[in-house]
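Trainee:
Residue numbers (our numbering), protein chains in the order written: chain A, 1 to 141; chain B, 142 to 450.
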């Protein structure tokens with residue numbers, strides 16, 4: 001993903017420019033060497049988009065840019081342990097074997113987690129010039 | 142159908158779906174979409190909608206604070222509160238700092254400190270009572286100045302939307318470098334027949350005509366209306382321009398901008414402060430040119446007029 005492509009994605013959602021700026025601020029201050037996972041709710045709080053639809057537009061752009069990775073995780077309702085990760089909601093079966101309770105469970109939104117993986121410090125530094133460029137442009141405009 | 146329509150459709154559908162059917166219905170909706178690019182976008186939206194239900198509820202926890210201007214008992218606040226409660230069901234607080242007269246408004250020293258501190262104290266109190274809510278403000282005239290001063294000096298007052306009307310804040314107010322800039326929209330409704338911000342700007346060093354000519358910062362959406370200083374508080378205006386911003390941050394555009402009339406333009410370029418200072422200097426020169434011994438009486442009269450001796 002080049003700086004220009006990312007810039008194009010951001011320009012598609014001009015009303016959420018501030019949310020993008022906040023995201024780049026988070027990346028700039030990220031010192032973690034381990035992957036960090038955040039929930040939708042956490043992103044909503046941190047990025048402060050104008051609406052839920054605005055948040056979907058920002059996340060879609062960041063996923064396309066490779067700055068976020070989405071993980072759909074089915075967790076045990078008993079222990080919260082990870083049963084299995086999926087790439088798409090279409091792949092999720094209606095029931096799944098919960099190894100923690102050794103039983104078949106129904107998959108519902110309650111035991112399905114959606115997480116977004118933020119880039120680590122090293123990954124951020126490899127994207128640094130892109131982030132710096134976009135961050136600078138969004139401040140300017 | 143574009144992705145916004147899919148979003149709205151699924152959002153509506155989600156309200157009536159039992160928990161155990163949500164995922165299967167989402168899967169069905171996705172398989173109906175042929176375009177892989179659109180399917181990917183809609184899938185992201187659906188996942189967020191499924192998981193954000195708590196936040197969506199929290200999003201409704203939105204508090205609106207109203208702040209009035211000088212020489213006002215803020216009768217308009219009742220009307221704005223009623224409409225916002227009816228249309229959006231939000232909590233509304235009317236912040237008051239009692240009658241504030243023109244002398245204290247124009248006085249260059251200390252007089253503004255009291256209302257600013259009072260509003261700040263109340264805002265902090267609202268913040269404490271609504272810790273997880275978003276706080277938006279609608280301010281009129283001197284109320285805009287109070288909020289601008291509070292934002293300049295306080296990092297812990299985090300606002301969501303800020304709606305200004307009849308603003309007397311300086312046009313070049315540095316929104317971009319505020320440590321705690323409002324996170325949502327910053328809207329400035331200007332009146333092309335509003336001469337009060339210009340007068341305030343012309344005869345003081347601390348106010349500006351942003352309520353007539355708008356802010357220079359790109360962070361602010363200036364909307365220009367054919368209104369005077371108090372014309373914002375009618376049902377139609379409130380419903381059309383303010384309710385939409387508070388609802389989802391969407392901005393209703395104002396009609397095409399009308400040039401302020403010639404009188405306002407002349408007023409805006411009148412060097413009011415220079416004229417006042419020049420006038421005083423001329424008097425002083427006149428007095429200095431008079432022989433003190435011959436005109437003692439005249440000097441006494443002038444001194445009495447100017448400094449009350």
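Note that CB positions come from ideal geometry on N, CA and C, so glycine has one too.
Note that the structure is predicted; figures quoted are calculated from it, not measured.
Between residue 58/A and chain B, is any beta-carbon pair separated by less than 8 Å?
Mentor: Taking the first residue of the first chain as 1, we reach residue 58/A at position 58. Closer than 8 Å: no.
Trainee: Run down chain A in chain order and give the residues with a C-beta less than 8 Å from the C-beta of residue 148/B.
Mentor: For the purposes of this step, residue 148/B is taken as residue 7 along the second chain, with counting starting at 1. Counting only Cβ-Cβ distances below 8 Å, residue 148/B has contacts in chain A at 53 and 56, in chain order.
Trainee: Can you list the residues of chain B that residue 90/A reaches, using a CB-CB cut of under 8 Å?
Mentor: Position 90 of the first chain, counted from the start, is the residue given in the question as residue 90/A. Those are 168, 171, 172 and 184, listed as they occur along chain B.
Trainee: By Cβ distance, which residues of its chain are closer than 8 Å to residue 391/B, with the 5 residues on each side in sequence left out?
Mentor: By 1-based counting over the second chain, the position of residue 391/B is 250. Contacts found: 385.
Trainee: So, is the C-beta of residue 197/B closer than 8 Å to a C-beta in chain A?
Mentor: Sequence index remark: in the second chain, residue 197/B carries index 56 (1-based). In this predicted model, residue 197/B has a pLDDT of only 48, less than 50, meaning its place in the structure is not dependable; the value taken from the coordinates is given anyway. Interface with chain A (8 Å Cβ-Cβ cutoff): residue 197/B is included.
Trainee: DSSP three-state call for residue 317/B: helix, strand or coil?
Mentor: The residue labelled residue 317/B in the question sits at position 176 within the second chain. Residue 317/B: helix per DSSP, three-state reduction.
Trainee: When the distance is taken between beta carbons, is residue 93/A closer than 8 Å to residue 114/A?
Mentor: Within the first chain, the letter at position 114 stands for residue 114/A. Within the first chain, the letter at position 93 stands for residue 93/A. No. Outside cutoff.
Trainee: Check whether chain A comes within 8 Å of residue 200/B, counting only Cβ atoms and requiring the distance to be less than that.
Mentor: The residue given as residue 200/B occupies position 59 in the second chain. For residue 200/B, the predicted model reports a pLDDT of 49, less than 50, meaning its position is unreliable; a value from the coordinates is still stated below. Answer yes: the Cβ-Cβ gap between residue 200/B and chain A drops below 8 Å somewhere.
Trainee: So which residues on chain C does residue 94/A lean against when the C-beta distance must stay under 8 Å?
Mentor: Among the protein chains in the structure shown, which are A and B, there is no chain C.
Trainee: Please identify the residue among 264/B, 326/B, 255/B and 291/B whose C-alpha is closest to the C-alpha of residue 236/B.
Mentor: Taking the second chain and counting its residues from 1, the one referred to as residue 236/B is at position 95. Looking at the Cα atoms, 264/B is the closest of the given residues.
Trainee: From the DSSP secondary-structure annotation, give me the bridge partner or partners of residue 104/A.
Mentor: Taking the first residue of the first chain as 1, we reach residue 104/A at position 104. Residue 104/A pairs with 97/A.
Trainee: Is residue 207/B helix, strand or coil by DSSP?
Mentor: Position 66 of the second chain, counting from 1, holds the residue named residue 207/B. DSSP places residue 207/B in strand when its eight states are reduced to three.
Trainee: Quick one, which residues of the region 384 to 404 of chain B are near chain A if we go by CB-CB under 7 Å, in chain order?
Mentor: 389 and 390
Trainee: Take the Cβ of residue 23/A as the centre, count every other Cβ of all protein chains shown within 10 Å, and call the residue buried at 16 or more, exposed below.
Mentor: Translated into the one-based positions of the first chain, residue 23/A becomes position 23. When all chains shown are included, residue 23/A counts as buried.
Trainee: Can you tell me the Cβ-Cβ gap for residue 176/B and residue 56/A, rounded? I've got them flagged as a contact below 8 Å.
Mentor: If you number the second chain from 1, residue 176/B lands on position 35. If you number the first chain from 1, residue 56/A lands on position 56. Incorrect: roughly 17 Å between the Cβ atoms, too far for contact.
Trainee: Three-state secondary structure (DSSP) at residue 366/B?
Mentor: Here residue 366/B refers to the residue found at position 225 when the second chain is read from its first residue. DSSP places residue 366/B in strand when its eight states are reduced to three.
Trainee: Which chain A residues sit within Cβ distance under 8 Å of residue 160/B?
Mentor: As a first step, residue 160/B must be located in the second chain, where it is residue number 19. Chain-order list of chain A residues neighbouring residue 160/B: 108, 109 and 110, by C-beta distance under 8 Å.
Trainee: Strictly under 8 Å for the Cβ-Cβ distance: is residue 63/A near chain B by that measure?
Mentor: Counting from 1 along the first chain, the entry for residue 63/A is found at position 63. Yes - at least one Cβ of chain B is within 8 Å of the one on residue 63/A.
Trainee: Among 228/B, 266/B, 330/B and 145/B, which has the Cα closest to the Cα of residue 282/B?
Mentor: Walking along the second chain from the start, residue 282/B turns up at place 141. Nearest to residue 282/B by alpha-carbon distance, out of 228/B, 266/B, 330/B and 145/B, is 330/B.
Trainee: How would you label residue 161/B, buried or exposed, when you count the other beta carbons within 10 angstroms and need 16 or more for buried?
Mentor: By 1-based counting over the second chain, the position of residue 161/B is 20. Burial call: exposed.
Trainee: Which residue marks the beginning of the alpha helix (DSSP H) containing residue 53/A, and which one marks its end?
Mentor: Position 53 of the first chain, counted from the first residue, corresponds to residue 53/A. That run of the alpha helix (DSSP H) goes 52 to 65.
Trainee: Is the region 398 to 410 of chain B touching the region 241 to 258 of chain B in the sense that three or more CB pairs, one from each, lie closer than 8 Å?
Mentor: Short answer: they don't touch.
Trainee: Are three or more beta carbon pairs between the region 347 to 354 of chain B and the region 311 to 323 of chain B nearer than 8 Å?
Mentor: yes
Trainee: Using CA coordinates, which residue listed in 29/A, 62/A and 87/A is at the minimum distance from residue 120/A?
Mentor: As a first step, residue 120/A is located in the first chain; it is residue number 120 there, counting from the start. The residue with the shortest Cα to Cα distance from residue 120/A is 29/A.
Trainee: Do you know how far the Cα of residue 7/A is from the Cα of residue 20/A?
Mentor: By 1-based counting over the first chain, the position of residue 20/A is 20. By 1-based counting over the first chain, the position of residue 7/A is 7. Roughly 11 Å between the two C-alpha positions.
Trainee: Does the CB of residue 189/B have a neighbour CB from chain A at under 8 Å?
Mentor: Indexing the second chain from 1 puts residue 189/B at position 48. It does: the Cβ of residue 189/B has a partner Cβ on chain A nearer than 8 Å.
Trainee: If you compare alpha carbons, which of 415/B, 339/B, 225/B and 291/B is closest to residue 322/B?
Mentor: Mapped onto the second chain, residue 322/B falls at position 181. Selected option, being the one with the closest Cα: 291/B.
Trainee: Three or more C-beta pairs closer than 8 Å, one from the region 39 to 57 of chain A and one from the region 387 to 402 of chain B: is that the case here?
Mentor: When C-beta atoms of the region 39 to 57 of chain A are compared with those of the region 387 to 402 of chain B, three or more pairs fall below 8 Å, so the two segments count as touching.
Trainee: Buried or exposed: which applies to residue 198/B, given that a residue is buried once 16 or more other Cβ atoms fall within 10 Å of its Cβ?
Mentor: Along the second chain, read from residue 1 onward, the residue named residue 198/B stands at position 57. With a pLDDT of only 47 at residue 198/B, under the threshold of 50, the placement of this residue in the model should not be trusted; the figure read from the coordinates follows. Exposed is the call here.
Trainee: Comparing the C-beta of residue 294/B with each C-beta of chain A, is any distance below 8 Å?
Mentor: Residue mapping note: residue 294/B aligns to position 153 of the second chain, counting from 1. By this cut-off, residue 294/B is not an interface position.
Trainee: Quick one, which of 65/A, 68/A and 101/A has its alpha-carbon nearest residue 77/A's?
Mentor: In the first chain, counting from the first residue as 1, residue 77/A sits at position 77. When each option's Cα is compared against that of residue 77/A, the closest is 101/A.
Trainee: When the cut-off is 8 Å and only beta carbons count, does residue 328/B lie next to chain A?
Mentor: In the second chain, counting from the first residue as 1, residue 328/B sits at position 187. Not an interface residue.
Trainee: Under 8 Å between beta-carbons, which chain A residues line up against residue 261/B? List them in chain order, please.
Mentor: To locate residue 261/B, count along the second chain from 1; it is residue 120. None at all; the shortest Cβ gap to chain A is about 22 Å.
Trainee: Under the assumption that residue 247/B contacts residue 278/B (Cβ atoms under 8 Å), give the Cβ distance between them as a whole number of angstroms.
Mentor: The residue you call residue 247/B lines up with position 106 of the second chain. The residue you call residue 278/B lines up with position 137 of the second chain. Actually they do not touch by this definition, with Cβ atoms about 24 Å apart.
Trainee: Against chain B, with Cβ distances strictly below 8 Å, would residue 30/A count as a contact?
Mentor: Counted from its first residue, the first chain places residue 30/A at position 30. Residue 30/A does not count as touching chain B.
Trainee: Answer yes or no: does any C-beta atom of chain B fall closer than 8 Å to that of residue 141/A?
Mentor: Walking along the first chain from the start, residue 141/A turns up at place 141. Bear in mind that a pLDDT of 44 at residue 141/A, under 50, signals an unreliable position, so the number given afterwards is only what the model happens to contain. Cβ-Cβ to chain B under 8 Å: yes for residue 141/A.
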